Amino acid sequence: MMNYSFLYQQIVNGYSSLPLHLLPGYSLPPLQLFLEVTYNCNLSCDFCQFLQSSDSGSMPASANRFELSIGECHNIVEQAPPTAVISFTGGEPFVKAGFADLLGAASERNKTHIFTNGTRIGGKTAESLVDLGSRNLLTPGLILVGISLEGLADTHNRITGRPWAYAKTIEGLHSLAHYKASKNRKYPLIELKTVISENNVRELYAIYQVAKQCRVDIFNVMAMSMLPQASRTGRCAAGSYLEPPPPVKPVAPVILEEQLRRIQEDAARSEIQLRTTPQGFDFREIINHYHDKRRLAGYRCYYPWYGVGISAYGDLLICPYTVTGNVREHRIKTLLNNRRARIFRKHLQAARIFPGCWGCCMLVPRKPRLPR
Ligand code: SF4
Ligand code: SF4
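Residue numbers 1 to 372, in my numbering, belong to the letters of the sequence shown in order.
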C-alpha cells in the first residue's frame, strides 16, 4: 500500500515553504483542520489529558467554559477551505449529540478523518461510515478512521476503566472491516493506534496481531506525549514552549526493543502499514523517547504554516502551546494570521524548533526519511 502519510508530509512541507520564505509570519489557508468536538468521553483512560470523562456525554467539561454547540461546529466546518482535511477528535466524538450529521456534512465537501475509541461504531454506524468513504484520493469523503486500542482485553479494560471497552472496540473494528469488504470500498482506511506505556509494553506485538486479525490498514505505534495542552487548560503562557516537557515514564528497554523488532519483521511480510506518532520518529527514536534521550536538532515543524486546531471551547491553536483567539469572536481566517500568530511563526522560523517540541505529533525529520 502506498505510504500516504509520507506523501502527505511532502506535500504539506512544500505548501508551507511558500509563506515561510515569501511572507514571513503568515500562513496560507490551512490544509489540515483539527476540531475537538467535545472533551467528554464514555471511557476513562488512566493517561487521558481530559480528566472530565462522563458517561452522559453532555456535561460541560469546565464550570465556566462551555463547549461549542453542534451548530457552531457546523459553522467552523463551513469556514474550512474545501481543500483542507478536517480531523474530528475529542474526547470521544461519537458522544457529541449531532456528531454523525456533522461528519456527514463535512464529508460531502472535504476530506475527513476521525479519532475515536471505537466503542460506538458497531453495526449501522460502521455501515454509514463506510458509505461516507471517499471514492478516491481526489474526491471528498471520509478517508481515515483512527481507533485506539491500549492492550489485550484485560489491559485495555483496566487502562480505559471500563470492563466492556475491549469487546466494543473490537466489534467496531470488525464491523468496519466487514462493511468495507462487502461494499468493496478502499476508504475509509482503518488505523489502529496504541500509546506505549509500562502497562502494555509486553503486549505490543500481540496488539499488532489483533490489528491484523481485524483487517486494519495501518498500525500506529504512538509515543506518549507530555506536552501541555493549551486547548484544554487555556493556561499556556507565552514562551512556555521554551521549556522542555517532562520526561515520559520509562518502560523496560529490552522488552520495548524486542516487541518493536517483532512488529517490524512481521510487517515487512504483511500488507499492514506501520506508522509512528510522532510521524518523524522511527522505532529507535521511540525507544530513546522512553529513556529521555532527546535529539531535537534532527527535527523541524511546519505545522503552524499548514495546520490549525480548534478546541471544544472554540480556541484556535496554531500549535499546542499557542492560542491566537476564539472562533466565537473572530473568523478562522482572521485568527490564522493575526499578530499573535505571526509573532509565533517568526519565532519558530528563527529557532527552527523549540525545547518544548519534544514528543509533539507534528515533529518531522529535518532530512526526510523514506518510509519503512
Ligand atoms: S478514549 Fe481518549 S478521550 Fe476517552 S478517556 Fe481514553 S484517552 Fe481520554
Ligand atoms: S512541533 Fe513544536 S512548534 Fe510544532 S506544533 Fe508541535 S509544539 Fe508547536
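Think of the CB as a built atom: it goes at the ideal place given N, C-alpha and C, for glycine as much as any other residue. The structure presented is a predicted model; accordingly, all values stated were derived computationally and were not measured.
- Not one heavy atom of ligand 2 sits closer than 8 angstroms to the Cβ of residue 73.
- As DSSP reads the structure, residue 315 sits in a beta bridge with 326.
- Counting along the chain, no beta strand (DSSP E) covers residue 157; the unbroken alpha helix (DSSP H) around it starts and ends at 153-160.
- Residue side-chain check: residue 116 keeps its Cβ at 8 angstroms or more from all non-hydrogen atoms of ligand 2.
- According to the DSSP assignment, residue 349 belongs to the alpha helix (DSSP H) that extends over 339-351.
- Sixteen is the threshold: since fewer than 16 other Cβ atoms of the shown chains lie within 10 Å of the Cβ of residue 10, the residue is exposed.
- Secondary structure at residue 286: helix, using DSSP grouped into helix, strand and coil.
- Around the beta carbon of residue 358, 16 or more other beta carbons lie within 10 angstroms, which makes this residue buried.
- In terms of side-chain proximity, the C-beta atom of residue 348 is found nearer than 8 angstroms to a non-hydrogen atom of ligand 2.
- DSSP places residue 195 in no alpha helix (DSSP H) but in the uninterrupted beta strand (DSSP E) bounded by 189-195.
- If you check the CB distance, residue 272 and residue 350 do not come in under 9 angstroms.
- The beta-carbon distance between residue 306 and residue 15, rounded to whole angstroms, is 5 angstroms. This is short enough to meet the 8 angstroms contact definition.
- Taking one beta carbon from each stretch, the segment 83-101 and the segment 27-38 have 3 or more pairs nearer than 8 angstroms; the two touch.
- Taking C-beta separations shorter than 8 angstroms and ignoring five residues to either side along the sequence, the partners of residue 242 in its chain run 354, 355 and 356, following chain order.
- Residue 301 sits close to residue 360, with the two beta carbons spaced by under 9 angstroms.
- The distance from the Cβ of residue 147 to that of residue 172 is about 7 angstroms, consistent with a contact at the 8 angstroms cut-off.
- Residue 203 and residue 169 have their C-alpha atoms spaced approximately 17 angstroms apart.
- Put simply, the segment 122-136 does not touch the segment 67-77. Fewer than three CB pairs are less than 8 angstroms apart.
- The alpha-carbon separation between residue 141 and residue 191 amounts to approximately 16 angstroms.
- Relative to ligand 1, residue 91 has its C-beta within less than 8 angstroms of a heavy atom.
- Restricting attention to 119, 195 and 245, the CA atom closest to the CA of residue 94 is found in 119.
- At the C-beta level, residue 326 and residue 314 come within 9 angstroms of one another.
- Shown here, residue 13 sits in a helix according to DSSP, grouped into three states.
- Relative to ligand 1, even the nearest heavy atom lies 8 angstroms or more away from the CB of residue 194.
- Counting every other CB atom within 10 Å of its CB across the protein chains shown gives residue 175 a total of 16 or more, marking it as buried.
- With fewer than 16 other Cβ atoms from the protein chains shown falling within 10 Å of its own Cβ, residue 18 counts as exposed.
- Taking 9 angstroms as the cut-off, the Cβ atoms of residue 278 and residue 223 count as close.
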